Each structure stands twice: as C-alpha cells, then as structure tokens.
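Everything on this sheet refers to the single structure shown next.
Chains as they are written, first to last, in UniProt numbering: chain R, 1 to 353; chain W, 1 to 353.
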C-alpha cells in the first residue's frame with residue numbers, strides 16, 4: 001500500500017502517470033523530450049494544477065540539458081523558447097506558467113551553462129518539494145479539524161495524483177493512514193468525467209484507505225444513512241470573500257452539508273486564492289461539450305443531438321463553507337476578520353507558495 | 001410530435017414499447033402469448049407501475065381468448081392459473097397484482113365464457129383509461145400549481161411511457177403542450193440507470209417539449225444559473241405523514257429546492273399512498289448491485305471490485321414537500337389537516353383508483 005504519485009523524478013529521468021488510462025491500466029511513461037512533455041500536458045495525461053506545474057518544470061530542466069552550447073546567453077535564449085512552447089501546452093493553467101516562470105528566473109543569475117542546467121533541475125525539485133510540504137501541511141490542519149470524525153465525503157480528485165504527493169482534500173486520509181488513523185471515505189463519482197470513480201477510488205485503494213463509491217445523486221441519502229460527519233473538497237479558485245469555484249457538484253454537497261448540519265471544508269493551497277476578485281459572481285464558468293454528458297466513451301446515453309447544459313464548475317458561496325484549510329492554517333470565511341487578514345495573520349509553516 | 005405510449009391496444013392486438021432499447025431504437029413489440037407478456041415484464045421491457053399493470057391486464061385478457069372451453073368454471077380456472085403466472089413475473093409490483101386482481105374478480109359474475117372473454121378485455125381497457133384520466137387530472141392540478149412558472153426541473157421518468165399516457169411528474173408538460181403552454185424542462189440524468197437521460201429526454205423530445213439534460217451533480221448550479229422555478233418528481237410510496245420514497249437523487253433535489261426557496265412537488269396517483277406506514281423511516285430501501293455504479297454497460301468505470309453503496313431509492317421528509325399532486329387534487333403535507341383527512345376531503349373528479 002503506497003500513496004500513488006503522478007510525477008516521478010528518479011535517476012535523472014522523468015516519468016509521469018498516464019491518468020487517462022486509470023483505473024484499468026497503471027502506466028508510468030518516461031518522458032525524454034520537450035515534445036513528449038508538451039504532449040503529456042496537452043493530452044491531459046497529467047492533470048491537477050500542481051502536478052502539471054511540476055511535470056512542466058522537470059520537462060524544461062530535462063530539455064535544457066540537451067542544449068549543447070557554452071554561451072550562457074544563448075542557453076537562456078533556448079530555455080526561454082522551450083518555456084514558451086511548454087506554457088502553450090495548456091494556456092489556461094496558471095500553475096504551469098508560474099512554475100515555468102520560476103525556472104526561467106532562476107537562470108538569470110547563472111554564470112555558466114553548466115551551473116544553469118543544474119539550477120533548473122534544482123528549482124524543479126524545489127517546486128515539487130514545496131508542493132509536497134504544502135499538501136502535507138494541509139493534511140495536518142485537516143486532521144486537526146476532522147478530530148474525532150471518521151466518515152467523510154468528497155468529490156472529484158483533489159488527491160496525491162493531482163499534486164506532488166498527498167493532495168489537498170485527500171491529504172488527511174493519506175496522512176491519517178501513515179499515522180494509523182482510519183477514515184471511512186465516501187467518494188462521489190463526479191459526473192460527467194467520473195474523476196471520483198476513476199481516480200479518487202483508485203488512489204485511496206492504492207494507499208489502503210477505506211473508500212466507498214456512490215453516484216453524486218446518492219449524496220443526500222448517504223449523509224443520513226451512513227452518518228457522514230464532514231465533507232471535504234478541493235478548490236479551483238477562491239475569491240476575496242471566500243466564495244469558491246470547484247468541480248461541478250461541489251455546490252450540491254455544500255448545500256446538503258448545510259441541511260444536515262455537518263461541516264463543509266475546502267482544502268486548497270494559498271495560491272488558489274484570487275484576491276483580485278471580490279465575490280464568486282466574477283468567476284466565469286466554463287461550459288463544455290454536450291457529448292461529455294450525452295455519451296460515455298463510445299456509448300450514447302441520451303438521444304443524439306440532445307440539448308445539454310454542461311458547466312464544468314460551480315461556485316459555493318462562502319456562507320456555506322465552514323473553513324478553508326490551507327498550508328498556512330485554517331481560514332474561516334464567516335469570521336469577523338476578512339480572508340485577506342486571516343491569510344496574512346496565520347503563522348506560516350515556512351512553505352513558499 | 002406526439003406523446004409516446006408504452007402500451008398500445010389496437011385492432012385486438014397488444015404492443016409494448018421495449019424501453020430497454022431507448023433512446024437508440026424505438027421498437028414496439030407485438031405480444032401474442034402469455035409467455036411473451038410475462039417475459040416483457042420480467043425483462044423490464046415495460047417499466048413504470050401503471051404501465052406494467054396495464055400491460056399485464058391486456059396480456060391476461062389476450063391469453064384468455066385462447067382458452068377453448070365453453071365451461072365457465074373451467075375458464076375461470078384457466079384464467080386464474082394465467083393470472084398467478086403473470087403476477088410472478090414481478091412479485092414486488094403492487095400495481096401488477098392489483099390490475100390482475102381486478103380482471104380475475106370481473107369474471108366472477110360472467111355467465112358464459114364468451115361474455116367472460118369480452119369482460120376481461122373491457123376491464124383491461126377500463127384500467128388503462130382510468131390511468132390516463134388520473135394522469136390527465138394530475139396534469140391539470142399541476143398546471144394550476146405551476147401557474148406562471150416556466151422553468152421546471154425533474155428526475156427519473158415519471159412520464160407517459162411509465163403510465164397509460166401523460167405520466168405523473170411529466171403530465172403538466174404534455175398537457176401544457178396540448179394547450180400551447182410552453183415549459184423549459186431540465187431533466188437530471190438520474191444515475192445510476194440514466195432514466196432521465198434515456199427516457200425523459202426522449203419522451204419530451206417526441207412530444208415537442210423543450211428539454212435540457214444535466215447531470216445530477218449540476219442541479220444546484222442549474223437552479224441558480226437558469227432560474228429554475230419549481231421541481232416536480234414522481235413517487236414510489238408516500239406514507240401517512242407525507243414522507244415520500246422515490247428514485248435515488250430525489251432527496252438531493254428536495255433539499256436544493258428548500259435552499260433556493262422554490263417549490264418542490266410530488267406528482268402521484270392516490271394509489272401511491274401507503275397509509276399503513278406512519279413515516280418514511282418504515283420504508284425499506286432496496287440496495288442494488290455494485291456493477292450498476294462501477295460499470296456502464298460493458299464499460300468499467302471504477303476499479304474492479306470497488307466497494308459501492310447503491311441504494312435505489314431515498315426518502316424525502318414531508319417538511320421539504322410543498323405539495324403532493326394527485327388526481328383528486330392537491331395535498332399539502334405541512335397543512336394542519338392530516339394527509340388522510342385531505343385525501344378524503346378533496347373533491348373527487350370521478351376517477352377510480
């Protein structure tokens with residue numbers, strides 16, 4: 001039983017878990033060229049903002065080793081070209097651009113190409129390690145909040161395979177397992193793309209965490225019938241007032257938690273906060289293709305040509321969020337203090353975000 | 001554009017819509033023998049309590065014509081044998097046993113075999129017509145309640161193809177269409193078996209009603225984003241206090257309706273009430289096989305052997321139900337009067353149930 005990882009750097013080699021094949025096939029693909037890294041990100045073999053950033057960072061460092069020049073300026077030029085190419089693999093992935101940006105800045109001060117190459121790998125490793133530390137810290141805070149609670153529900157996959165290790169919403173279960181604390185996790189399947197059924201169930205099974213799959217429609221009945229004590233989910237973006245955009249279906253769960261009087265937790269790194277937006281109404285909600293809902297793989301479910309509404313995310317109002325668990329500590333959106341004040345007041349554990 | 005029917009009796013022939021093939025294939029199968037009717041019910045080609053009862057009634061009447069005796073006692077004996085065989089096709093279907101029981105009683109007074117054969121067909125026709133009238137009446141009452149409302153959400157298929165015609169929860173949309181009143185219906189796909197995506201979407205499209213498909217997980221966001229004004233669903237069983245068992249996912253919707261302050265309606269014939277049960281906690285919830293959730297058709301979604309919780313129904317507490325719409329009128333479970341008192345107080349429209 002081990003916590004599965006999505007990006008592995010070992011013996012100077014980069015391997016990524018092809019998440020499109022899960023759970024039927026567990027395949028780690030070795031990426032040797034910049035083009036392969038670009039393709040892995042573009043084709044969604046790697047998913048989860050932190051995991052994408054980490055894979056791209058290693059990819060850039062890997063490709064840099066192939067540039068056979070001793071001219072540091074020319075080297076920087078090549079790396080910047082590679083960087084632009086990688087960022088274009090998924091233009092909306094903020095974390096990807098951020099990670100690549102860190103690597104590019106890092107070699108601004110390099111004196112030799114040799115040094116630059118080493119520093120790129122160092123920086124990629126740093127980004128990875130920082131993310132693992134942040135997830136671990138989120139897990140610590142979540143474990144405290146979950147205290148005596150055992151039965152917890154989640155949706156989508158805010159897990160180890162979306163990050164360096166541990167994940168965000170799934171971090172307390174992994175960390176708990178390491179410490180002999182057992183949870184009973186209920187994973188919502190997460191229509192339309194089944195990230196819960198395909199990824200979260202697999203990941204927790206791999207780690208030896210007790211997990212039960214339900215359809216999203218069973219959430220209310222399950223909370224009552226199984227005595228669910230808390231719900232914990234990840235986040236895509238959190239605005240200044242605490243409104244949180246996350247995978248479609250999250251808002252359902254928040255309203256159910258409210259109805260049943262159980263806590264509803266968001267687990268997310270500080271980097272998820274977008275304080276430039278005041279409330280969730282400013283967050284644009286991506287609408288995706290009808291086929292994602294009307295068909296499953298090659299299997300048509302609804303009549304061909306059916307009109308479908310397919311929003312990818314929803315926004316949970318802050319008032320339904322008991323707490324936001326970050327690597328720096330726990331933020332309570334309904335406290336008197338603003339979120340911004342709480343963000344800067346909580347004692348840092350030393351992780352850079 | 002016509003309202004699709006599930007059981008058709010025409011020119012002394014019985015045809016049923018094979019609902020397992022929907023929406024890809026629209027196939028009406030002519031049933032000529034008792035064995036074929038048994039098989040159609042057993043294999044779930046026909047679904048929906050009223051539709052099953054109607055198909056069985058016609059099936060019994062059809063088979064009776066083949067009994068070539070002139071001895072009325074012997075004829076009754078044969079019919080009773082057939083009746084027992086048909087009832088066994090789906091032992092838990094209360095409506096099936098009830099319909100068959102009506103036919104069997106009907107020939108108690110028949111003087112000749114010829115008369116008996118005619119009366120069986122007459123009774124089957126009567127059961128069918130009464131069900132259509134009841135559904136139509138439910139539609140009338142629902143149209144009144146929905147008044148100015150246009151955007152309505154539903155789950156599963158409490159539709160024309162589950163009844164003689166019109167359905168229960170879908171009756172106002174069909175009846176509205178006949179009268180030029182347009183609705184915008186949002187159909188939840190209804191995991192795990194997709195009755196919403198497969199049946200409701202198809203049925204409403206056939207009838208020319210504007211319908212949009214969403215996953216169950218999109219309900220909360222859709223209520224807000226699209227301005228849903230009411231939710232209307234069917235029922236499997238309603239207890240004396242108004243608690244209502246219906247397809248899994250119904251309770252989710254009831255709690256969301258409550259959170260958004262929009263009405264939540266149950267549409268069901270009076271026969272759905274089980275006044276012998278005081279509250280919903282007495283209703284046993286059937287749990288079904290893990291494969292229904294973990295795989296879709298032949299396509300495996302979750303890892304093989306995944307632990308699944310798969311309740312087929314949930315129970316919505318009466319306090320979340322704005323009104324129960326029956327063929328006799330509208331019952332409000334949260335009024336001072338008991339449901340039983342309301343059931344007998346509402347002016348009957350003459351339908352026998």
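Glycine is no exception: its CB is placed at the ideal position from the N, C-alpha and C atoms.
Remember, it's a predicted structure, so these values are computed and weren't measured experimentally.
Could you pull the start and end residues of the beta strand (DSSP E) that residue 188 of chain R belongs to?
Within the first chain, residue 188 of chain R is the residue found at index 188, counting from 1. Looking at the DSSP string, the run of the beta strand (DSSP E) that includes residue 188 of chain R is 184-188.
Taking residue 231 of chain W and residue 221 of chain R to be in contact with their CB atoms under 8 Å, please state how far apart those CB atoms are, rounded to whole angstroms.
Start at 1 with the first residue of the second chain, and residue 231 of chain W comes out as number 231. Start at 1 with the first residue of the first chain, and residue 221 of chain R comes out as number 221. The Cβ separation is near 17 Å, so there is no contact.
Could you tell me whether the segment 140-157 of chain W touches the segment 77-97 of chain W, where touching means 3 or more Cβ pairs closer than 8 Å?
The answer is no - the segment 77-97 of chain W does not touch the segment 140-157 of chain W, with fewer than three Cβ pairs under 8 Å.
Compute the distance between the beta-carbons of residue 64 of chain R and residue 14 of chain R, then report whether it is under 9 Å.
Position 64 of the first chain, counting from 1, holds the residue named residue 64 of chain R. Position 14 of the first chain, counting from 1, holds the residue named residue 14 of chain R. Judged by beta-carbon spacing, residue 14 of chain R lies beyond the 9 Å limit of residue 64 of chain R, meaning their Cβ atoms are not closer than that value.
Count the other C-beta atoms from every protein chain shown that fall within 10 angstroms of the C-beta of residue 355 of chain R, then say buried if there are 16 or more, exposed otherwise.
The structure shown does not extend to residue 355 of chain R, since chain R is modelled only from 1 to 353, so the question has no answer here.
Could you name the residues of the segment 214-246 of chain R whose beta carbon sits closer than 9 Å to any beta carbon of chain W, in the order they occur along the chain?
Listed by position, the residues of the segment 214-246 of chain R near chain W (Cβ gap below 9 Å) are 214, 215, 216, 217, 218, 219, 220, 221, 222, 224, 225 and 226.
Residues in the segment 188-200 of chain W with C-beta within 8 Å of chain R's C-beta atoms, listed in sequence order?
Per Cβ criterion, the list reads 188, 189, 190, 191, 192, 194, 197 and 198.
Going by DSSP, what residues sit across from residue 237 of chain R in a beta bridge?
Along the first chain, one-based indexing puts residue 237 of chain R at 237. Beta-bridge pairing links residue 237 of chain R to R:245.
Taking only the alpha-carbon atoms, compute the straight-line gap between residue 183 of chain W and residue 202 of chain R and give it to the nearest angstrom.
As a first step, residue 183 of chain W is located in the second chain; it is residue number 183 there, counting from the start. As a first step, residue 202 of chain R is located in the first chain; it is residue number 202 there, counting from the start. Distance between residue 183 of chain W and residue 202 of chain R, taken at the CA atoms: about 42 Å.
Cβ-Cβ separation, residue 206 of chain W to residue 4 of chain W (assumed contact under 8 Å), whole Å:
As a first step, residue 4 of chain W must be located in the second chain, where it is residue number 4. As a first step, residue 206 of chain W must be located in the second chain, where it is residue number 206. Indeed, because the Cβ distance is near 5 Å, the residues count as touching under 8 Å.
Tell whether a beta-carbon distance below 9 Å holds between residue 263 of chain W and residue 326 of chain W.
On the second chain, position 263 is the one that residue 263 of chain W refers to. On the second chain, position 326 is the one that residue 326 of chain W refers to. 9 Å or more divides the Cβ of residue 263 of chain W from the Cβ of residue 326 of chain W.
Roughly how many whole angstroms lie between the Cα atoms of residue 155 of chain R and residue 250 of chain R?
Along the first chain, read from residue 1 onward, the residue named residue 155 of chain R stands at position 155. Along the first chain, read from residue 1 onward, the residue named residue 250 of chain R stands at position 250. If I take the Cα positions, the gap works out to 7 Å.
Classify residue 26 of chain R as buried or exposed, calling it buried when 16 or more other Cβ atoms lie within 10 Å of its own Cβ.
As a position in the first chain, residue 26 of chain R is number 26, starting the count at 1. With fewer than 16 other Cβ atoms within 10 Å, it is exposed.
For the pair the segment 18-25 of chain W and the segment 44-62 of chain W, tell me if three or more CB-CB distances fall below 8 Å.
Enough Cβ pairs lie closer than 8 Å, so yes.
What residues match up with residue 287 of chain W in a beta bridge as DSSP calls it?
Numbered from 1 along the second chain, position 287 holds the residue referred to as residue 287 of chain W. Answer by DSSP bridge pairing, in chain order: W:311.
Could you run through the segment 289-311 of chain W and flag, in chain order, every residue whose CB is less than 7 Å away from some CB of chain R?
The residues in question are 293, 294, 296, 297, 299, 300, 301, 302, 303, 306, 307, 308, 309 and 311.
In three-state DSSP terms, what is residue 10 of chain W?
Position 10 of the second chain, counted from the first residue, corresponds to residue 10 of chain W. Of the three classes helix, strand and coil, the one that applies to residue 10 of chain W here is strand, per DSSP.
With distances taken Cα to Cα, identify the nearest neighbour of residue 192 of chain R among R:217, R:173 and R:178.
Locating residue 192 of chain R in the first chain gives position 192, where the first residue counts as 1. Checked all of R:217, R:173 and R:178; the closest Cα to residue 192 of chain R is R:217.
Pairing CB atoms from the segment 306-322 of chain R with CB atoms from the segment 279-292 of chain R, are three or more of them under 8 Å?
Touching, per the Cβ criterion.
Beta-bridge partners of residue 211 of chain R, as assigned by DSSP
Looking up residue 211 of chain R in the first chain gives position 211. For residue 211 of chain R, which the question treats as bridged, DSSP gives the partners R:185.
Under 8 Å between beta-carbons, which chain W residues line up against residue 421 of chain R? List them in chain order, please.
No statement about residue 421 of chain R is possible, as the shown extent of chain R runs from 1 to 353 and does not include it.
Which same chain residues end up closer than 8 Å to residue 224 of chain R when comparing Cβ atoms and leaving out the 5 residues on each side of it in sequence?
Locating residue 224 of chain R in the first chain gives position 224, counting from the first residue. If we look at residue 224 of chain R and ignore the five residues flanking it on each side, its Cβ neighbours are 260.
Report all residues from its chain with a CB closer than 8 Å to the CB of residue 123 of chain R; omit the five preceding and five following residues, and keep chain order.
The residue given as residue 123 of chain R occupies position 123 in the first chain. Excluding sequence positions up to five before and after residue 123 of chain R, its CB lies within less than 8 Å of the CB of 57, 61, 102, 103 and 106, all in the same chain and listed in chain order.
Could you work out which residues of chain R lie near residue 251 of chain W, taking near to mean beta carbons separated by less than 7 Å?
Along the second chain, read from residue 1 onward, the residue named residue 251 of chain W stands at position 251. Simply 220 and 221.
If contacts are defined as beta-carbon pairs under 8 Å, then residue 209 of chain W and residue 177 of chain W qualify, I think. What distance do you get, rounded to the angstrom?
Position 209 of the second chain, counted from the start, is the residue given in the question as residue 209 of chain W. Position 177 of the second chain, counted from the start, is the residue given in the question as residue 177 of chain W. With a Cβ gap of about 5 Å, residue 209 of chain W and residue 177 of chain W count as contacting.
So which of R:303, R:31, R:265 and R:160 has the shortest CA-CA distance to residue 9 of chain R?
Walking along the first chain from the start, residue 9 of chain R turns up at place 9. Comparing Cα-Cα distances from residue 9 of chain R to each of R:303, R:31, R:265 and R:160, the minimum goes to R:31.
State the DSSP-derived secondary structure class of residue 272 of chain W, mapped to helix, strand or coil.
Stepping through the second chain from its first residue, residue 272 of chain W is reached at position 272. If DSSP states are grouped into helix, strand and coil, residue 272 of chain W belongs with the helices.
Would residue 312 of chain W pass as a contact of residue 278 of chain W if the rule is Cβ separation under 9 Å?
Mapped onto the second chain, residue 312 of chain W falls at position 312. Mapped onto the second chain, residue 278 of chain W falls at position 278. Going by beta carbons, residue 312 of chain W and residue 278 of chain W fall outside the 9 Å limit.
Kindly list, in the order they appear in chain W, the residues whose Cβ is closer than 8 Å to that of residue 255 of chain R.
On the first chain, residue 255 of chain R is found 255 positions in, with the first residue counted as 1. Those within 8 Å of residue 255 of chain R in chain W are 220, 255, 256 and 259.
So what does DSSP say about residue 29 of chain W, is it helix, strand or coil?
Within the second chain, residue 29 of chain W is the residue found at index 29, counting from 1. Residue 29 of chain W sits in a strand when the DSSP states are folded into three classes.
Would you kindly work out how many angstroms separate the C-alpha atoms of residue 273 of chain W and residue 320 of chain W, rounded to a whole number?
Position 273 of the second chain, counted from the first residue, corresponds to residue 273 of chain W. Position 320 of the second chain, counted from the first residue, corresponds to residue 320 of chain W. In this structure, the alpha-carbon of residue 273 of chain W lies about 17 Å from that of residue 320 of chain W.
Per DSSP, residue 300 of chain W is paired with what?
Your numbering for residue 300 of chain W matches position 300 in the second chain. Bridge partners of residue 300 of chain W: W:295.
Looking at the secondary structure, which residues open and close the beta strand (DSSP E) in which residue 166 of chain R lies?
What you label residue 166 of chain R is simply residue 166 of the first chain in a count that begins at 1. Here residue 166 of chain R belongs to no beta strand (DSSP E), and DSSP marks it neither H nor E.
Locate the beta strand (DSSP E) running through residue 147 of chain R, then write down its first and last residues.
Here residue 147 of chain R is taken as the residue at index 147 of the first chain, counted from 1. It is not in any beta strand (DSSP E) - residue 147 of chain R carries neither H nor E in the DSSP assignment.
Could you give the uninterrupted runs of the alpha helix (DSSP H) lying entirely in the segment 81-155 of chain R, keeping only those of 4 residues or more?
List check, alpha helix (DSSP H) in window: 94-106 and 113-146.
Work out the CA separation of residue 214 of chain R and residue 257 of chain W for me, nearest whole Å.
Here residue 257 of chain W refers to the residue found at position 257 when the second chain is read from its first residue. Here residue 214 of chain R refers to the residue found at position 214 when the first chain is read from its first residue. C-alpha separation (whole angstroms): 22 Å.
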